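**Student:** Each protein sequence line maps, in turn, to chains E and W.
Residue numbering for the first sequence follows our numbering, starting at 430 and increasing by one per position.
Residue numbering for the second sequence follows our numbering, starting at 430 and increasing by one per position.
Protein chains: 2
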Amino acid sequence: MSKPATRAYSRHTTAALVLLGNLIREARTTSRLTAGELAERAGISRDLLRRVERGDPGCSIGVVFEVATLLGVPLMEADPGHLALRLQHSMEKRALLPRAVHAARGKVKDDF
Amino acid sequence: MSKPATRAYSRHTTAALVLLGNLIREARTTSRLTAGELAERAGISRDLLRRVERGDPGCSIGVVFEVATLLGVPLMEADPGHLALRLQHSMEKRALLPRAVHAARGKVKDDF
DNA sequence: TATGAATGCATCATAAACAAGCCATTTTGA
DNA sequence: TCAAAATGGCTTGTTTATGATGCATTCATA
């Protein structure tokens with residue numbers, strides 16, 4: 430009984446997922462690692478790695494990011510090494526932002 | 430008995446997750462959307478959105494990416510709009526790559 | 001400064017991810 | 001070519017994420 434995907438994903442989301450999966454697989458083959466080898470290093474099953482490389486939306490984001498990290502596939506950062514810096518800035522910025530948002534009565538940014 | 434994260438994540442992975450969560454929350458507050466409103470639009474519970482904004486590694490990557498997409502938070506693409514193009518290139522490239530990797534006997538890219 | 005609203009955080013039931021194992025098929029390199 | 005190895009794709013049982021609910025706390029704004 431294959432689950433009938435109770436959740437819907439936008440085209441953009443699907444594209445991002447599949448792209449990330451492709452990048453991971455490319456990086457793995459470039460590194461000459463078998464699926465079994467990489468799965469073992471990542472501490473996951475070979476089956477799960479297969480889903481990751483496919484861009485399965487149901488995979489845990491932590492697992493996907495960890496595999497990408499193991500292979501050196503860039504995640505959020507535009508230039509490598511800037512992730513930590515961006516995170517720091519983000520944390521500082523957050524301290525300044527309002528902690529709660531009350532329902533907007535006027536116009537809401539709705540153009541998406 | 431909540432088992433405390435049987436899985437281990439690297440520092441880099443955690444940073445990327447928290448950063449993405451922060452970006453999502455910043456985008457939400459900037460758009461003046463409450464957690465309940467955004468959760469409803471994303472088709473998820475408010476509780477899950479909270480975990481997403483926290484950078485919980487256990488969240489489905491599809492859910493996280495979908496929320497980010499709803500808010501316009503860039504995912505893989507350096508410049509917006511290039512995701513589809515990158516995906517296309519990736520798919521073409523994949524057709525040329527070897528489909529199986531046999532265990533390397535020589536030296537393996539192991540420097541990570 | 002009130003006060004209605006938003007958020008944080010528990011708990012519990014349920015749906016879904018995940019691991020393990022197995023076999024068929026494809027691929028690589030000798 | 002051919003045999004060993006890698007991959008694809010199931011299935012089953014266990015672990016875990018998720019939704020629903022409720023409540024305490026904090027916040028925004030009138």
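Note that the Cβ used here is the ideal one computed from N, Cα and C, for glycine as well.
It should be emphasised that the depicted structure is a prediction, and the values quoted were computed from it without experimental measurement.
With 7 Å as the limit, tell me which residues of the segment 493-519 of chain E have their beta carbon closer than that to any beta carbon of chain W; keep them in chain order.
**Tutor:** The residues in question are 493, 494, 495, 498, 499, 501, 504, 505, 507, 512, 513, 515, 516 and 519.
**Student:** For a test of your reading of the model: does the CB of residue 525 of chain W fall under 7 Å from any non-hydrogen atom of the ligand MG? Yes or no.
**Tutor:** The model on display carries no ligand, and the ligand MG is accordingly not part of it.
**Student:** Taking a contact to mean a Cβ-Cβ separation below 8 Å, would you say residue 472 of chain E touches residue 471 of chain W in this structure?
**Tutor:** With a cutoff of 8 Å on beta-carbon distance, residue 472 of chain E and residue 471 of chain W are scored as not near each other.
**Student:** Nearest chain E C-beta to residue 453 of chain W closer than 8 Å, yes or no?
**Tutor:** no
**Student:** Please name the residue in W:520, W:515, W:454 and W:485 whose C-alpha comes closest to that of residue 493 of chain E.
**Tutor:** Closest by alpha carbon: W:485.
**Student:** Listing by chain order, which chain E residues have their CB less than 7 Å from the CB of residue 446 of chain W?
**Tutor:** 490, 491 and 494
**Student:** Please list the terminal residues of the continuous alpha helix (DSSP H) segment that includes residue 453 of chain W.
**Tutor:** 440-459
**Student:** Is residue 474 of chain E helix, strand or coil by DSSP?
**Tutor:** coil
**Student:** On the CB-based measure, 16 or more other CB atoms within 10 Å of its CB, does residue 445 of chain E come out buried or exposed?
**Tutor:** buried
**Student:** Near residue 430 of chain E, what residues of its chain come up, given a Cβ to Cβ distance below 7 Å and the 5 sequence neighbours on each side ignored?
**Tutor:** Low confidence applies to residue 430 of chain E: its pLDDT is 37, below 50, so where it sits in the model is not reliable, and the reading given next is rough at best. If we look at residue 430 of chain E and ignore the five residues flanking it on each side, it has no Cβ neighbours.
**Student:** Please tell me whether residue 519 of chain E and residue 448 of chain W are closer than 8 Å, where the distance is taken between their beta carbons.
**Tutor:** Yes. Within cutoff.
**Student:** I'd like the span of the alpha helix (DSSP H) that includes residue 500 of chain E, first residue to last.
**Tutor:** 490-500
**Student:** Whose Cβ in chain E lies nearer than 9 Å to the Cβ of residue 523 of chain W?
**Tutor:** 451, 454 and 455
**Student:** Determine the closest residue to residue 439 of chain W out of E:442, E:474 and E:500, with distance taken between C-alpha atoms.
**Tutor:** E:500
**Student:** Find the residues of chain E that neighbour residue 526 of chain W, judging by a C-beta separation of less than 7 Å, and give them in chain order.
**Tutor:** 455 and 458
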